[in-house]
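What follows is a set of notes on a single structure, which appears directly below.
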Amino acid sequence: MSRTFSAAPSQEYVTLCGGLGLETVDHKTEALLLSRKRRLETITIEIGDCFIASSPCIRYLILQLDARLTFNDHLRAASEKASRVAGTLSQIMPTIGGPRSSRRRLYANIIDSIPLYGAPIWICGTGTQADMRRVEAIRRQRYDRNASADCLACPNTVENAEHVFFNCTRFEVGRERLHCQLQEVAKPENIVQLIPADEKNWLAVTTFAHSVITSLRAEEMARRR
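Here my numbering = 1-based position in the sequence shown + 26.
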């Protein structure tokens, strides 16, 4: 269903533009018909000599507005842009070892700012769960050459320093050796006390950490080939 309406800029707007030396460009006008009806309706607006058909989605500032204000289009566009930015940032960061924590926070804030722009507005929409999960996945994205934040060996587990040192099954053999040398199971809660307690503990922990880092570097080099 489509209807045609005549419209024109207000006289105040025309006067203001004229005073600033600006002119309105009728053919660049965009229209959006907001509706909650199941069937999507369209309208055509006549402005001067131009006929402008309403679009299912238009861009306003950085927000993508759709006819039902679900913001699905906005979330898709924002997540795709954030993914591209994350990929670009990963190209300028160290391949081995990763950036310092301060730089990680900076990069994380940059990426977070993209999907979170206009959040007080789009959070009130009825965006699909799939789109919301896509935004969350981008926010959790790992800043290296691997597109996934998940551990390669442990399903549904984010690979971070704590995971690879204390839990990852890839390093189980070396971890068992470490526990035997420490005569205690190393945990995040006790590792700080165990290391300075004995010189042998320090050597055992640093040896295991070195083996983990060496293995991760080898995996990274293999992915790059």
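Cβ atoms here follow ideal geometry from the backbone N, Cα and C, with glycine treated the same way.
### Query
With distances taken between CB atoms, is the gap from residue 79 to residue 96 smaller than 8 angstroms?
no
### Query
Looking at the structure shown, is residue 224 part of a helix, part of a strand, or coil, going by DSSP?
coil
### Task
Have a look at the DSSP bridge pairing and note the partners of residue 184.
176
### DSSP three-state assignment for residue 92, whether helix, strand or coil
strand
### Task
With DSSP as the reference, please indicate the residues paired to residue 76 in a beta bridge.
73
### Contacting residues, own chain, Cβ-Cβ under 6 angstroms from residue 107 (five flanking each side not counted)
140
### Query
Taking the alpha carbon of residue 227 as the point to measure from, which residue in 239, 210, 90, 194 has its own alpha carbon closest?
210
### Residue interval of the alpha helix (DSSP H) (run including residue 206)
198-208
### Query
For residue 92, which residues of its own chain have a beta-carbon under 7 angstroms away from its beta-carbon, when the five flanking residues on both sides are left out?
82, 83, 98, 99
### Range covered by the beta strand (DSSP E) that runs through residue 65
Unbroken run through residue 65: none, as it is neither H nor E.
### Query
What are the boundary residues of the beta strand (DSSP E) that residue 83 is part of?
83-86
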